[in-house]
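Chemist:
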Amino acid sequence: MDFPILSLLILIPLIGALITLMMGGTRQKMAKIVAGAFSAITLLLAILVVFSSNDFGALSESYTWIKTGFITISFSLAVDGLSVLMVFLTALLVLLVVIFSAEAEEVEGERPNYFHTLLLAMEVGLMGVYTASDYFLFYVMWEVTLIPMYFMISWYGGPRRHYAAIKFFIYTHVASLVMLIGIFAMGFKAAEITGGNIDFSFDAIAAAMQGANEGFQALVFALLFFGFAVKMPAVPFHTWLPDAHTEAPTGGSVLLAGVMLKMGSYGIIRICLEALPAGAQYWQWVIIIIGLVSIVYGAYACIAQKDLKKMVAFSSISHMGMVMLGIGCLSYAGITFAVFQMFAHGLITGILFMVCGMTGHKVGTREIPLLGGLAGKMPKYATFMMFGFMASLGLPGLIGFWGEFPIIYAFYEFIVANDMIWLLLFCMLSLMLTAGYYLWAMQRTLFGPETTKIDLTHAHDVSKSEFAAMAVLCVLVAFFGMWPDAALQFIEPYTQGLAAFIGVI
Amino acid sequence: MLLDYNAIFGDFSAIVPMLFLMAASLILPGVHLVGKRRTATWGFALAMVVVSMAFNAMMLYDGFVGTSLGMVTYNAYSGLMILLFQIVLFLAVLVSNASVETTRFNVGAYYALICAAATGMMFVAESSDLLMIFVGVELTSISSYALVSMKRNDARSAEAAVKYVIIGGMSTALTLYGISMLYGLAGTTNIAAIAETTRIGGVTFLFGVAMVSMIAGYGFKIAAVPFHMWAPDVYEGAATPVSLFLATGSKKMGLSVFFQIFLILFVSGTACAAIAGPEVQYLFAIIAAVTMTVGNIVAIAQSNIKRMLAYSSIAQAGYILIVMAVMSEYALSAGLFHMFTHVFMKGGAFLVVGALICAGVGEKISDYRGLGKRAPLMAAAMMLFLFSLAGIPPLAGFTSKFFLFSSTLGVGAAGDLAVNSQWVWLAFIAILNSAISLYYYARVVKAMYVDRGEAVEKIKVPKAFTFAIVICIVAVIVLGVYPQLLFDLCETAAHTLLL
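Heads up: the sequence lines are chains A and B, in that order.
Per this note's numbering, the first sequence runs over residues 577 to 1081.
Per this note's numbering, the second sequence runs over residues 538 to 1036.
1) Does the stretch 553–571 of chain B come within contact of the stretch 632–648 of chain B, defined as at least 3 CB pairs closer than 8 angstroms?
2) What are the partner residues of Gly-947/B, as DSSP defines its beta bridges?
3) From the DSSP output, in three-state form, read off Thr-648/A for me.
4) Using a Cβ-Cβ distance cut-off of 8 angstroms, determine whether Gly-645/A contacts chain B.
5) Just reading off the alpha helix (DSSP H) that Lys-838/A is part of, what are its end residues?
6) Which runs of the beta strand (DSSP E) fall wholly inside the stretch 810–892 of chain A and span at least 3 residues, in chain order?
7) Determine whether the Cβ of Leu-756/A lies closer than 8 angstroms to any Cβ atom of chain B.
8) Check Ala-808/B in the structure and name its three-state DSSP category.
9) Tell me the rounded alpha-carbon separation between Gly-899/B and Met-985/B.
10) Which chain A residues sit within Cβ distance under 7 angstroms of Tyr-976/B?
11) Please confirm whether Leu-677/A has its beta-carbon closer than 8 angstroms to some beta-carbon of chain B.
12) For Tyr-1070/A, count the other beta carbons within 10 Å of its own beta carbon; 16 or more makes it buried, fewer makes it exposed. Which is it?
13) Of all the options Tyr-726/A, Thr-748/A, Gly-763/A and Met-703/A, which has the alpha carbon lying nearest to the alpha carbon of Phe-942/B?
14) Quick one: using the 10 Å Cβ neighbour count with 16 as the cut-off for buried, is Tyr-819/B buried or exposed?
15) Spatial neighbours of Ser-680/B within its chain, please: CB distance less than 8 angstroms, with the 5 preceding and 5 following residues excluded, ordered by chain position.
16) Quick one, are the C-beta atoms of Ser-628/A and Leu-653/A less than 8 angstroms apart?
17) Among Arg-641/B, Val-827/B and Ala-594/B, which residue has its Cα nearest to the Cα of Phe-965/B?
18) For Thr-721/A, which three-state DSSP category applies?
19) Quick one: using the 10 Å Cβ neighbour count with 16 as the cut-off for buried, is Phe-1077/A buried or exposed?
20) Taking Cβ positions only, does Trp-731/A come closer than 8 angstroms to chain B?
21) Taking the CB atoms as reference points, tell me whether Met-900/A and Gly-867/A lie closer together than 8 angstroms.
22) Spell out a yes or no on whether the stretch 809–819 of chain A and the stretch 756–771 of chain A are touching, meaning 3 or more CB-CB pairs, one atom from each, closer than 8 angstroms.
23) Would you please verify whether the beta carbon of His-749/A is less than 8 angstroms from any beta carbon of chain B?
24) Between the Cα of Ser-750/B and those of Met-707/B, Tyr-772/B and Glu-866/B, spot the shortest distance and give me the residue it belongs to.
25) Can you confirm whether Gly-947/B, when its beta carbon is compared against all beta carbons of chain A, has any partner nearer than 8 angstroms?
26) From Ala-880/A to Ala-1017/A, what distance separates their C-alpha atoms?
27) Lys-758/B: buried (16+ other C-beta within 10 angstroms of its C-beta) or exposed?
28) For Ile-742/A, go through chain B and note every residue whose CB falls closer than 7 angstroms to its CB, in chain order.
29) Would you kindly check if the distance between the Cβ of Thr-1033/A and the Cβ of Gly-949/A is under 8 angstroms?
30) Quick one: give me the first and last residue of the alpha helix (DSSP H) that Gly-1012/A is part of.
31) Buried or exposed: Arg-1083/A, going by 16 or more other Cβ atoms within 10 Å of its Cβ?
32) Determine the extent of the alpha helix (DSSP H) in which Thr-1003/B is found, giving its start and end residues.
33) Exposed or buried, which one is Gly-952/A when buried takes at least 16 other CB atoms within 10 Å?
34) Find the nearest neighbour of Ala-916/B within the set Pro-931/B, Val-890/B and Tyr-614/B, judged by alpha-carbon distance.
35) Check distances from the C-beta atoms of the stretch 686–715 of chain A to those of chain B and list, in chain order, the residues that come in under 8 angstroms.
36) Note down, one range per segment and in chain order, each alpha helix (DSSP H) of at least 4 residues found wholly within the stretch 713–771 of chain B.
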């Protein structure tokens, strides 16, 4: 295809961001429409990419960017079975956030149009991360997502936003810098092996890394893995996430949990597994243990949370732990459903954070002990919340089920092979905890007698734009829950190739 | 060839860029005495700088190589360094007339001195002889002492100047001591000849003493820790255009001296690398690590933005000293590139500070509260420069740090690269420092964009400042996105120096 569709995926949000930036803070309505239009065009392009998936090989672009005596860096983009769903998810969520926030008060403050600028700027970075196939470009895009998020939290966030924003910024920046050292090491090693200059393209490095010994691979794997694990975030590197989520505006949280966390797991698969398979096998148990700990700790911490949004944030840690566990199995089934879980969690968490955001600005507080009996007053809101919680705890028939249970199955296969069947107890424990905290939270907020601790006279139900945004997500959650193959058909060819390459089926 | 330089300038062809500045510094006091108009004097100085830049650009483009007076050589390396000094000089002179801090200056003397200081830097870049380097450095130093003290009736300026003179004198003495010992040992002051003699004669204890006293002497110039104490006081006390000139220009001269002396001695073909190379490399690695760490950590505690920038400048010198530890051609190209990006981002930051001083905004970080609303362009520019200094992509600071830090992990010439784990620890320290620096840069950004200030009225800054700042913004973005524009030149220069 000669049409540079992948570059446009990055370029169109960039233009949109610049236009909304130019609007100077006064024309709020226009900014909304412009942002909506640009994100809609991006979504259309993303859908086009999805439907041209038959020839992913042809869907790549590469332009020489920097070529000096020592280094070759290219602006190369590609989409395959791993990234196509993430590209779609990014485009979808950005548009839905624009729609969802159309009437939100928290972004109606002093700088409404910058909210849309930041959203679109974030989309630039995210699209770049998911389509890049050059380490330099990947890293640039990885960092580009940081700054809009920093401003989104510190401009539109809650009361402790400054602390949360700077913590988020520094924490993830340090992690990515460690990752950068790993990238340098790979570059030089590749140059040493091929006898040429440093070529930072994914293909060149992955090919050269086959010649690197296990010790080198394990070392570099550790550096890169650290960068990605902080982003995911995996316990014990997770402490930035609850703060960032609690303080971020709803739209920011949706993107943060929906697609930004996936950058971490995407990086692990795309870079750590593809380029350093021996390193992955070396650290396999560490990955599995980190995954297990994240799952159980995240779920356990959820029970203790009083803030509804913080609870959902911890549940994200738990669910991303599930992705980590799937990757750690290093098996065909494990990786396939880890990717599927990334997609599933992106859709579900969108609903969850939208619901939490609405709780905050419609009822006035997100403190669970203060809430109660909201179902009577706000039936639509209650329906969405129940739907989101059920999907997240893995109710069969919804997408969450297909994310979690096959991973546990893959893990079961793995531990049977290793004679460690008792580890399954942790999975069971986490399932119980997950069901427990969701049901308990639901019971305390939605049902029972209507709360008297706060004034509910101004509480109103879901507005039209909010309804639209969440309904789209719910339909998709149900659709992929009924027909997971619609997503798996993209993932499977990719993971087949990857599993064959790593050498474990 | 655009011009036949030898035919036009004869024996002086290698010093064409300096000729115009030397002429300028000689006649500028007279011009001011006759014309008595500040703006006219400024215009004349700026014109001379631009002419000098134009000639240098042409010579660089032509790939001119030539020697003048048997002492100084123009080649790809010196041409590039001269370009850097000219950019610094241009930025400093451009805003000098508009700055309120220079209103009490005797501008004839001021422009003469700043041109003389730049001339000294350029001579340093062209020298391959210790004495010539020494003379160039002194020309720059003595002119800068006077430049710093020009803010009369300002106690901080006087303090800064006194400190600068005393410490500068000490560093001069140390350097001269080292040079004299080397001359005693080798019987020559030519650097390549010294390298050759040492290779044959071997390294003696005296050679080591000479090296250490020269590293210490020139360490003062680049404000490497532990020779850095003067820098924050001087940058704070001097007028902002002068601070800009010293922080981005004078420091680069010191680094260039390091490259020209120690890289020649310890890297190139005839050098004594095999004898004392590793020790010197480790010495520099430790200085680099300590310099960047101290600079960044102390910067966190600063409440005055000029002092913060001064400490960040110390840290940046630490990053560039990585070149001296790694001692590879790739590292040198990356270091040169980082020196250029540093001119634009640190120079840009000083320009914003200077512009805001003209508009009546103080130098405290707390004075910058709410600036995002009051002066959108200045605040956006400052944010870009600071993020670039912190190494956030896709800005120039990131790209140059990407090259510079990546050079620590490998060795070898182009086409023959290999992984080398020797300096991984240095890469880790450098990267950790980048993260620390983000903290204090982000604090300024937060003050500008997130905090609410007391004053709300819009700020107008002089046009010259806006113009200079826009140049820096463009450079920071373009060099970040398309580094090839300059990196090729840096590679050629590095290759030329190490040949």
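For every residue, glycine included, the Cβ atom is placed at its ideal position computed from N, Cα and C.
Modeler: Based on what the coordinates show:
1) The stretch 553–571 of chain B, when compared against the stretch 632–648 of chain B, does touch it at the 8 angstroms Cβ threshold.
2) DSSP, once it has assigned bridges, lists Val-956/B as partnering Gly-947/B.
3) It is a strand residue.
4) Answer yes: the Cβ-Cβ gap between Gly-645/A and chain B drops below 8 angstroms somewhere.
5) Secondary structure note for Lys-838/A: its alpha helix (DSSP H) is the uninterrupted segment 837–843.
6) Restricted to the stretch 810–892 of chain A, not a single beta strand (DSSP E) segment is unbroken, complete and at least 3 residues in length.
7) Using beta-carbon distances, Leu-756/A counts as an interface residue toward chain B, with a partner under 8 angstroms.
8) Note that Ala-808/B has pLDDT 48, beneath the 50 cutoff, so the model's placement of it is unreliable and the number below is only indicative. Correct three-state label for Ala-808/B: coil.
9) Each residue's Cα considered, the two are about 13 angstroms apart.
10) Within chain A, the residues near Tyr-976/B are Ile-746.
11) The residue asked about is misnamed: residue 677/A is Ser in this sequence, not Leu. Ser-677/A does not count as touching chain B.
12) So Tyr-1070/A counts as buried.
13) By alpha-carbon distance to Phe-942/B, the top candidate from Tyr-726/A, Thr-748/A, Gly-763/A and Met-703/A is Gly-763/A.
14) It counts as exposed.
15) Cβ neighbours of Ser-680/B beyond the five flanking positions: Leu-650, Ile-651, Ala-653, Ala-654 and Gly-657.
16) The Cβ-Cβ distance between Ser-628/A and Leu-653/A does not fall below 8 angstroms.
17) Checked all of Arg-641/B, Val-827/B and Ala-594/B; the closest Cα to Phe-965/B is Val-827/B.
18) The answer is coil: DSSP assigns Thr-721/A none of H, G, I, E or B.
19) Counting of Cβ neighbours within 10 angstroms places Phe-1077/A among the exposed residues, the total staying below 16.
20) Any Cβ of chain B closer than 8 angstroms to the Cβ of Trp-731/A would place that residue at the interface, and such an atom is present.
21) Between Met-900/A and Gly-867/A, the CB-CB gap stays under 8 angstroms.
22) Two segments are said to touch when three or more pairs of C-beta atoms, one from each, lie closer than 8 angstroms; by this definition the stretch 809–819 of chain A does not touch the stretch 756–771 of chain A.
23) It does; some Cβ of chain B falls within 8 angstroms.
24) Ranking the options by Cα distance to Ser-750/B, first place goes to Met-707/B.
25) Gly-947/B counts as touching chain A.
26) Rounded to the nearest angstrom, the gap between the Cα atoms of Ala-880/A and Ala-1017/A is 11 angstroms.
27) Classification for Lys-758/B: buried.
28) Those within 7 angstroms of Ile-742/A in chain B are Ala-979.
29) In this structure, Gly-949/A lies away from Thr-1033/A, with their beta-carbon atoms at least 8 angstroms apart.
30) Residues 1000–1022.
31) Residue 1083/A is absent from the model: chain A starts at 577 and stops at 1081.
32) Judged by DSSP secondary structure, Thr-1003/B falls within the alpha helix (DSSP H) whose first and last residues are 1000–1018.
33) Label assigned to Gly-952/A: exposed.
34) If we check each option's Cα against that of Ala-916/B, Val-890/B comes out closest.
35) Residues of the stretch 686–715 of chain A with a C-beta less than 8 angstroms from any C-beta of chain B: Phe-712 and Tyr-715, listed in chain order.
36) Whole alpha helix (DSSP H) segments, 4+ residues: 728–738 and 742–758.
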